[in-house]
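Residue numbers (this note's numbering), protein chains in the order written: chain A, 2 to 234; chain B, 266 to 581.
Here it is as structure tokens:
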């Protein structure tokens, strides 16, 4: 019998499994993308249509769309696990609980970042919010997109497990997750808006470091606690 | 004016006497000791509120509107304190899942905390701040574990009773937090001309209350008691640790927009009445929490399945 792979390898295998499911049923990512797109369009209707105002709303619209799409993505991410009680099977294999958490969080980060990437040209066009400053600015944008997706994915992956087993789960996930991710939403959308609307005072690095701090805190805390949650579910 | 700490010191002494009496005397005192602290708090509250309205000097800038201070500020302090108790209870519930480990953890956190403080004294600059931060954190963990160990040893606390404490603290914190937000809006209207100013402290408090409302609803939607205990404990710990980062984010967001801040220079008379009211809120909150703790424990006992009937011989 071959040796059991280490925790990091296990996490990557779980991520690979989740991403393989996404690749084999691409309609899910496409559905998420159109869900987020519909939100982005609807948010534009609620704002003033003049380009100056839209440009200031663009970052918020993008991240609000991604946040709401993420709740759908997270429900789907656990729907495949609760069918046939696959999660218990995974934990009994035994895959380390932290590996399950990090694997699923990595996969959810990738899905969110992909949806965000697909959404970007549309937000730029619909909100007339081009990103000035050439490649360096786009590099910063990519960093914000990646960090922001990761910052939403960790608490999401954690709380989605709790709420799939709770009654009234579709209400519980936003109730638990939204107040918690306020710092991530705030810093990601501020940084994005500043990139699009001009960053006169050089505030982007500050917001990015706040996003990073939030991400590090939640990726470590929730990885630590996931074991006690999974065992009781 | 006498020191504002005297009513607090008296109340805390009363608390110790009542707990000791409840432990030693038993009987009626054992089940009702918290009413003593509650009545003391209520008396302090009536005295403090009356004096805040009619005795304390008028605020120089805001006039009589400034008197809302005697409810608003205590509500802010004590709701934060109640959420801290909730955190302590939930953290304690997680620790008490393995109470036999507590002495070992006490040694580790105590040694680590002492080392951190010693390093902070010896070092300078950024390393000093880091060492002080982690040292203080470890000392706090040490104190928490000490309280848990003593409570487990002498009062029979376990993971469930710590969770019941967290439950009632969370509820008390939410009530005080909602009072704080409502008063904040009432306060903002005459001073800033709008009900909501997106002031960083008020906004962060609103998010904090929302977070704990979510945690409280999670408790209401999970039916299995053991699952509920561990899930809610973890959710409370995460919600509490998230507070500073939320405050930082909201503060940055607002400082970009230049909001005025109020100077916190108070007349010594006003400080006295503020302290009296803060103590009153503290003892009332202790009353609510202790009573709620008892109710939560009773509810859990009522929910628990009845013991199996004794085995009988099967009729032939």
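Yeah, the Cβ is synthetic: ideal placement off N, Cα and C, and Gly gets one too.
1) My assumption, with CB atoms under 8 Å, is that residue 381 of chain B sits in contact with residue 403 of chain B. Please give the rounded CB distance.
2) Over the uninterrupted alpha helix (DSSP H) stretch that includes residue 463 of chain B, give me the two end residues.
3) Which residues in chain A have a C-beta closer than 8 Å to the C-beta of residue 513 of chain B? List them in chain order.
4) Given a cut-off of 8 Å, decide if residue 34 of chain A and residue 227 of chain A are closer than it, judged by their beta-carbon atoms.
5) Any idea if residue 524 of chain B is buried or exposed, counting beta-carbon neighbours within 10 angstroms, 16 or more meaning buried?
6) Does the beta carbon of residue 89 of chain A sit closer than 8 Å to a beta carbon anywhere in chain B?
7) Measuring alpha carbon to alpha carbon, tell me which residue in A/96, A/79, A/59, A/207 is nearest residue 120 of chain A.
8) Which same chain residues end up closer than 8 Å to residue 132 of chain A when comparing Cβ atoms and leaving out the 5 residues on each side of it in sequence?
9) From the beta carbon of residue 435 of chain B, is the nearest beta carbon of chain A less than 8 Å away?
10) On a Cα-Cα basis, can you pick out the residue from B/376, B/431, B/344 that is closest to residue 352 of chain B?
11) Cβ closer than 8 Å: which chain A residues qualify as neighbours of residue 461 of chain B?
12) Under 9 Å, CB to CB, which of the residues in the region 155-168 of chain A have a partner in chain B?
13) Can you give the Cα-Cα distance for residue 150 of chain A and residue 77 of chain A, rounded to whole angstroms?
14) Any residues in the region 173-199 of chain A with a beta carbon nearer than 7 Å to a beta carbon of chain B? Which ones, in chain order?
15) Name the two residues that bound the continuous alpha helix (DSSP H) containing residue 17 of chain A.
16) Kindly list the residues whose CB is nearer than 7 Å to the CB of residue 575 of chain B, restricted to its own chain and excluding five residues on each side of it in sequence; keep chain order.
17) Using beta-carbon positions only, say whether residue 360 of chain B and residue 395 of chain B come within less than 8 Å of one another.
18) Quick one: residues in its chain with C-beta nearer than 7 Å to the C-beta of residue 344 of chain B, no 5 flanking neighbours on either side, listed in chain order?
19) Short of 8 Å Cβ to Cβ, which residues in the region 490-511 of chain B face chain C?
20) Assuming contact is defined by CB atoms lying nearer than 8 Å, are residue 108 of chain A and residue 19 of chain A in contact in what I supplied?
21) Got a sec: is the Cβ-Cβ distance from residue 482 of chain B to anything in chain A below 8 Å?
22) What span of residues does the alpha helix (DSSP H) with residue 509 of chain B cover, start to end?
23) As a quick exercise: from A/153, A/164, A/231, A/222, pick the residue whose alpha carbon is nearest that of residue 69 of chain A.
24) Report yes or no: is there a C-beta of chain B within less than 8 Å of the C-beta of residue 226 of chain A?
25) Closer than 8 Å, CB to CB, is residue 449 of chain B near chain A or not?
26) Compute the beta-carbon to beta-carbon distance between residue 462 of chain B and residue 453 of chain B, rounded to the nearest angstrom, for a pair I have assumed lies under 8 Å.
27) Would you mind giving the Cβ-Cβ distance between residue 1 of chain A and residue 160 of chain A, rounded to the nearest angstrom? I have them listed as a contact below 8 Å.
28) Could you spell out the range, first to last residue, of the alpha helix (DSSP H) harbouring residue 82 of chain A?
29) For my contact list, residue 217 of chain A and residue 510 of chain B are in at a C-beta cut-off of 8 Å; report their separation, rounded to the angstrom.
30) Using DSSP bridges, identify the partner residues of residue 324 of chain B.
31) Is the beta carbon of residue 209 of chain A less than 8 Å from the beta carbon of residue 148 of chain A?
32) Taking 7 Å as the cut-off, does the CB of residue 418 of chain B come closer than this to any heavy atom belonging to the ligand FAD?
33) Let me confirm a value: residue 505 of chain B is counted as buried when at least 16 other C-beta atoms fall within 10 Å, else exposed. Which label applies?
34) Three-state secondary structure (DSSP) at residue 443 of chain B?
35) Going by other Cβ atoms of all chains shown within 10 Å of its Cβ, with 16 needed for buried, is residue 507 of chain B buried or exposed?
With the structure as the only source:
1) Counted from its first residue, the second chain places residue 381 of chain B at position 116. Counted from its first residue, the second chain places residue 403 of chain B at position 138. With 8 Å as the limit, residue 381 of chain B and residue 403 of chain B qualify as a contact, their Cβ atoms being about 6 Å apart.
2) Along the second chain, read from residue 1 onward, the residue named residue 463 of chain B stands at position 198. Segment: none, residue 463 of chain B is in no alpha helix (DSSP H) and carries neither H nor E.
3) As a first step, residue 513 of chain B is located in the second chain; it is residue number 248 there, counting from the start. In chain order: 184, 211.
4) Counting from 1 along the first chain, the entry for residue 227 of chain A is found at position 226. Counting from 1 along the first chain, the entry for residue 34 of chain A is found at position 33. Not a contact, by the Cβ cut-off of 8 Å.
5) Counting from one through the second chain, the residue named residue 524 of chain B turns up at place 259. Reliability of the predicted coordinates at residue 524 of chain B is poor, the pLDDT of 48 falling under 50, and the value obtained from them is presented with this limitation in mind. Exposed is the call here.
6) Position 88 of the first chain, counting from 1, holds the residue named residue 89 of chain A. No, residue 89 of chain A does not count as interfacial toward chain B.
7) By one-based count along the first chain, residue 120 of chain A stands at place 119. Nearest to residue 120 of chain A by C-alpha distance, out of A/96, A/79, A/59, A/207, is A/59.
8) In the first chain, the residue the question calls residue 132 of chain A occupies position 131. Counting only residues of its own chain and dropping the five nearest sequence neighbours on each side, residue 132 of chain A has a CB closer than 8 Å to the CB of 125, 138, 139, 142, 196, 197.
9) By 1-based counting over the second chain, the position of residue 435 of chain B is 170. No, because no Cβ of chain A sits closer than 8 Å to the Cβ of residue 435 of chain B.
10) Taking the first residue of the second chain as position 1, residue 352 of chain B is located at position 87. Of the listed residues, the one whose Cα sits closest to residue 352 of chain B is B/431.
11) As a first step, residue 461 of chain B must be located in the second chain, where it is residue number 196. Neighbours of residue 461 of chain B on chain A: none; closest Cβ ~16 Å, over 8 Å.
12) Answer in chain order: 156, 159, 160, 163, 164, 166, 167, 168.
13) To locate residue 150 of chain A, count along the first chain from 1; it is residue 149. To locate residue 77 of chain A, count along the first chain from 1; it is residue 76. Between residue 150 of chain A and residue 77 of chain A, the C-alpha separation is close to 17 Å.
14) 173, 176, 177, 180, 181, 183, 184, 187, 188, 191
15) On the first chain, position 16 is the one that residue 17 of chain A refers to. Where residue 17 of chain A is concerned, the enclosing alpha helix (DSSP H) stretches over 8-25.
16) Residue numbering aside, residue 575 of chain B sits at position 310 when the second chain is read from its first letter. Correct list: empty, nothing qualifies.
17) As a first step, residue 360 of chain B is located in the second chain; it is residue number 95 there, counting from the start. As a first step, residue 395 of chain B is located in the second chain; it is residue number 130 there, counting from the start. No, the Cβ-Cβ distance between residue 360 of chain B and residue 395 of chain B is not below 8 Å.
18) Here residue 344 of chain B refers to the residue found at position 79 when the second chain is read from its first residue. Excluding sequence neighbours, residue 344 of chain B sits near 438, 441, 442, 445.
19) In the displayed structure, chain C is absent; the protein chains listed are A and B.
20) Counted from its first residue, the first chain places residue 108 of chain A at position 107. Counted from its first residue, the first chain places residue 19 of chain A at position 18. Closer than 8 Å, so yes.
21) Your numbering for residue 482 of chain B matches position 217 in the second chain. Contact with chain A is found for residue 482 of chain B, since one of that chain's Cβ atoms lies less than 8 Å from the residue's Cβ.
22) Sequence index remark: in the second chain, residue 509 of chain B carries index 244 (1-based). Per DSSP, residue 509 of chain B belongs to the alpha helix (DSSP H) from 490-520.
23) For the purposes of this step, residue 69 of chain A is taken as the residue at position 68 of the first chain. Comparing Cα positions, the closest option is A/153.
24) Looking up residue 226 of chain A in the first chain gives position 225. Yes, residue 226 of chain A lies at the interface with chain B (some Cβ there is under 8 Å from its Cβ).
25) Walking along the second chain from the start, residue 449 of chain B turns up at place 184. Answer no: the Cβ-Cβ gap between residue 449 of chain B and chain A never drops below 8 Å.
26) For the purposes of this step, residue 462 of chain B is taken as residue 197 along the second chain, with counting starting at 1. For the purposes of this step, residue 453 of chain B is taken as residue 188 along the second chain, with counting starting at 1. Confirmed, Cβ separation roughly 5 Å.
27) Residue 1 of chain A lies beyond the range of chain A shown here (2 to 234); nothing can be said about it.
28) For the purposes of this step, residue 82 of chain A is taken as the residue at position 81 of the first chain. Note, residue 82 of chain A: alpha helix (DSSP H), 52-83.
29) For this step, residue 217 of chain A is matched to residue 216 along the first chain. For this step, residue 510 of chain B is matched to residue 245 along the second chain. Not really, about 10 Å apart at Cβ, beyond 8 Å.
30) Along the second chain, one-based indexing puts residue 324 of chain B at 59. Beta-bridge pairing links residue 324 of chain B to B/328.
31) By 1-based counting over the first chain, the position of residue 209 of chain A is 208. By 1-based counting over the first chain, the position of residue 148 of chain A is 147. A contact, by the Cβ cut-off of 8 Å.
32) Among the components of this structure there are no ligands whatsoever, and the ligand FAD is therefore not found.
33) By one-based count along the second chain, residue 505 of chain B stands at place 240. With 16 or more Cβ atoms within 10 Å of its Cβ, residue 505 of chain B is classed as buried.
34) Working through the second chain from its first residue, we reach residue 443 of chain B at position 178. It is helical.
35) On the second chain, position 242 is the one that residue 507 of chain B refers to. Residue 507 of chain B comes out buried.
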